[in-house]
Ligand SMILES: [Zn+2]
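Rendered as structure tokens:
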């Protein structure tokens, strides 16, 4: 994976039967964890190049970037993941990519839904927060920052708090070495949502 220059940061959705590389396996069971893409050495969760995304994915990212007044300049893609990752953000050859698992995303035609938009906002948050530019080990702090950003964005897009936190229902309850437990992430998303509601 020598073409991957920077860290991979993935959104964690809670799905069972996923195994970490043995070197990263902690003392606790990892059922429910689906994200290990924190270092390039873990590799990509799919073979080959991503495919063109659903139009709704582009629409969702456009809406997300509207909330911060920036023009989207991400390369979006979808793929059939061989690990339960959900989505990831990465910089490859200077290109900021966001790729989601086609099997785990259910776009509503013509109108991006809150769950999928929330996950995409989390990935955008990794890029805008500079998390994809480093290999450092402060993974939990970065995940929570991206979660707060997602909550903020969804508030700006008009989501209620239950709508803004919908995507977090799929997150790992226990968390992992790479990701905080769901409870902490729900708090972060909610904090971001309240921030979005309070800032005009
Ligand atoms: Zn993440």
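Residue numbers (my numbering): 3 to 202.
All C-beta atoms, glycine included, are put in the ideal place defined by N, C-alpha and C.
Closer than 7 Å to a non-hydrogen atom of ligand 1 - does that hold for the CB of residue i?
i: residue 129; result: no
i: residue 145; result: yes
i: residue 148; result: yes
i: residue 142; result: no
i: residue 124; result: yes
DSSP three-state label for residue i, please.
i: residue 33; result: In this prediction, residue 33 has a pLDDT of 33, which is less than 50 and means its spatial position is unreliable; what the coordinates show is noted afterwards. Coil at residue 33, not helix or strand.
i: residue 87; result: coil
i: residue 80; result: strand
i: residue 105; result: coil
i: residue 99; result: strand
i: residue 53; result: strand
i: residue 92; result: strand
i: residue 113; result: coil
i: residue 128; result: helix
i: residue 156; result: helix
i: residue 180; result: coil
i: residue 48; result: coil
i: residue 58; result: helix
i: residue 174; result: coil
i: residue 27; result: Note on residue 27: pLDDT 30, under 50, position unreliable in the model; no value is reported.
If we define contact as Cβ-Cβ less than 8 Å, is residue i a contact residue for chain B?
i: residue 61; result: The chain labelled as chain B is not found in the depicted structure, where only one protein chain is given.
Does residue i pass the burial test, meaning 16 or more other C-beta atoms within 10 Å, or should it be called exposed?
i: residue 49; result: exposed
i: residue 184; result: buried
i: residue 59; result: buried
i: residue 202; result: exposed
i: residue 134; result: buried
i: residue 113; result: exposed
i: residue 173; result: buried
i: residue 180; result: buried
i: residue 182; result: buried
i: residue 111; result: exposed
i: residue 106; result: buried
i: residue 92; result: buried
i: residue 84; result: exposed
i: residue 187; result: buried
contact_flag[the region 97-114, the region 140-158] where n(CB pairs < 8 Å) is 3 or more: no
Cβ pair count under 8 Å reaching 3, the region 164-179 against the region 61-78: no
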